[in-house]
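Asks: Per our numbering, the very first residue in the sequence shown carries number 331; after that it's consecutive.
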Amino acid sequence: MSSSSAPVHSPAHDVVYRQDQYTLRRHILHRLLRVVGFGLLVRVQVEGRENIPVSGPTLLIMNHIGALDPFVVTGVVTSRYVVPMSKIENYKNPLSGFIARSWGVYPVRRGEVDRRALASTIELLRQERPVLIAPEGTRHTELAEPKRGMTYVAAKADAVVVPIGLEGTPDFPSSYKRLRRPRVQVRIGRPFRFKTDGRQRIPRDELQRMTQEAMYQIAVLLPEYRRGVYSDLSLMTTDHLEFIDPRRPAAGA
Numbered sequence: 331m332s333s334s335s336a337p338v339h340s341p342a343h344d345v346v347y348r349q350d351q352y353t354l355r356r357h358i359l360h361r362l363l364r365v366v367g368f369g370l371l372v373r374v375q376v377e378g379r380e381n382i383p384v385s386g387p388t389l390l391i392m393n394h395i396g397a398l399d400p401f402v403v404t405g406v407v408t409s410r411y412v413v414p415m416s417k418i419e420n421y422k423n424p425l426s427g428f429i430a431r432s433w434g435v436y437p438v439r440r441g442e443v444d445r446r447a448l449a450s451t452i453e454l455l456r457q458e459r460p461v462l463i464a465p466e467g468t469r470h471t472e473l474a475e476p477k478r479g480m481t482y483v484a485a486k487a488d489a490v491v492v493p494i495g496l497e498g499t500p501d502f503p504s505s506y507k508r509l510r511r512p513r514v515q516v517r518i519g520r521p522f523r524f525k526t527d528g529r530q531r532i533p534r535d536e537l538q539r540m541t542q543e544a545m546y547q548i549a550v551l552l553p554e555y556r557r558g559v560y561s562d563l564s565l566m567t568t569d570h571l572e573f574i575d576p577r578r579p580a581a582g583a
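Now the structure itself:
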């Protein structure tokens, strides 16, 4: 196995196994985010909050258009504490590194198949944590092809997938220059599971079709100019998705 694909241990990954230690800090930070961030700095409009399951393994997938997207989603989810994935470079920045360590964010190495991050995601989902990822891997003004891994981890952990569409976060700087509170729209779509029929191994071409169907579920939540490669909604299918009622108890609960 090449060094680029081998799991690389990092102390940052240890947060996966210490999640309960972050509860108090998350409570304090979440309150600050909602009171100060949402109360004073940003106007947030939320649609579909009821689509987030209150328990069970949950994978939140969002379009990524601004640096503050994870903060917005983390603040919007009030029933549970979201565990975001973040690029490992953020740990090298004093401010973002402090926030990541305080909240219990876990890292991913971009530009490679980060097997450690995949394993961490599966473990967090099996702990029944709500995990937040951006399938595209980095910021784009419109939807682009996703990186590998999203469908694999969701299927492996039998997680409920919740699509989230964000709009408005890139407007923060210009709004503040005009002394206006920026407005952010958060649309939360219908939750679903991938149809695996209990299989542990899914053929690659089938995983690809599942991934495309999941990305279209994000696309329908966005304005047309944000949909990118998923603009043609006539191509959207749901053959590999099983939509679920988020109010029902999670399987096995």
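Cβ coordinates follow ideal geometry from the N, Cα and C atoms, glycine included.
#1: Between the C-alpha atoms of T568 and E377, what's the straight-line distance to the nearest angstrom?
#2: Give me the Cβ distance between E458 and S385, rounded to the nearest whole Å; I'm assuming they're in contact under 8 Å.
#3: Helix or strand or just coil, what does DSSP make of A336?
#4: Rounded to a whole number of angstroms, what is the C-alpha to C-alpha distance between A489 and L571?
#5: Can you grab the Cα-Cα spacing for the pair A485 / Y411, in whole Å?
#6: Find the nearest neighbour of G434 within the set R348, E453, V550, judged by alpha-carbon distance.
#7: Which residue comes first and which comes last in the alpha helix (DSSP H) that contains R539?
#8: L389 and I463 look like a contact to me (Cβ under 8 Å); what is the Cβ gap, rounded to whole Å?
#9: For R577, name the three-state secondary structure that DSSP assigns.
#10: Between which residues of its own chain and I382 is the CB-CB distance below 8 Å, once the five residues before and five after are set aside?
#11: Ignoring anything shorter than 4 residues, give me the alpha helix (DSSP H) runs that lie fully in the region 450-495, in order along the chain.
#12: Roughly how far, in whole angstroms, is the beta-carbon of I395 from the beta-carbon of T481, given that I think they are within contact range, below 8 Å?
#13: So which of L363, G479, N393, L552 has the shortest CA-CA distance to A449?
#14: With T353 as the anchor, note down where its beta strand (DSSP E) starts and where it stops.
#15: Grab the span of the alpha helix (DSSP H) containing F502 for me, first residue to last.
#16: Can you find at least 3 beta carbon pairs, one from the region 504-512 and one from the region 469-477, that sit closer than 8 Å?
#17: Would you report the Cα separation of F368 and V374, rounded to the nearest angstrom?
#18: Using the C-alpha atoms, what's the distance from L552 back to K422?
#19: Go ahead and pull the three-state DSSP assignment for K422.
Replies: The short version:
#1: 22 Å
#2: 6 Å
#3: At A336, the pLDDT of 44 sits below 50, so the modelled position is not reliable; the number obtained from the coordinates is stated separately. Of the three classes helix, strand and coil, the one that applies to A336 here is coil, per DSSP.
#4: Cα to Cα, the separation comes out at about 12 Å.
#5: Those two C-alpha atoms are separated by around 22 Å.
#6: R348
#7: 534-549
#8: 7 Å
#9: coil
#10: T388, L390, V407, S409, R410, P460, V492, I518, P521, P576
#11: Segments of the alpha helix (DSSP H) lying fully in the region 450-495: 480-486.
#12: Not confirmed; about 22 Å, so no contact.
#13: G479
#14: That residue, T353, is in no beta strand (DSSP E); its alpha helix (DSSP H) goes 353-362.
#15: 502-507
#16: no
#17: 7 Å
#18: 32 Å
#19: helix
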